[in-house]
């Protein structure tokens, strides 16, 4: 049986899918080439998120201006 501290330290203990994913992520993080690729992906995703946020903001402004016109 796990203690409350162990539960916080290892919240996925016994979840074989999550343990597999974590193992894969840890092995990828220890590979310099993979780290580089992951960093590139993070930068790309960050740019997409910024663009998405800007589009949502502009959509909101357009909707607000339409409501004011009525």
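Numbering (our numbering), first residue to last: 388 to 457.
Glycine included, each C-beta is placed from N, C-alpha and C at the ideal position.
What number of angstroms, rounded off, separates the C-alpha of residue i from the C-alpha of residue j?
i, j, result
"residue 439", "residue 427", "18 angstroms"
"residue 444", "residue 451", "11 angstroms"
"residue 401", "residue 407", "11 angstroms"
"residue 418", "residue 424", "10 angstroms"
From what residue to what residue does the alpha helix (DSSP H) around residue i run?
i, result
"residue 398", "That residue, residue 398, is in no alpha helix (DSSP H); it is neither H nor E in DSSP."
"residue 453", "419-456"
For my contact list, residue i and residue j are in at a C-beta cut-off of 8 angstroms; report their separation, rounded to the angstrom.
i, j, result
"residue 405", "residue 397", "Actually they do not touch by this definition, with Cβ atoms about 10 angstroms apart."
For a cutoff of 8 angstroms on Cβ pairs, would you count residue i as touching chain D?
i, result
"residue 442", "Within the model displayed, chain D is absent; a lone protein chain is all it includes."
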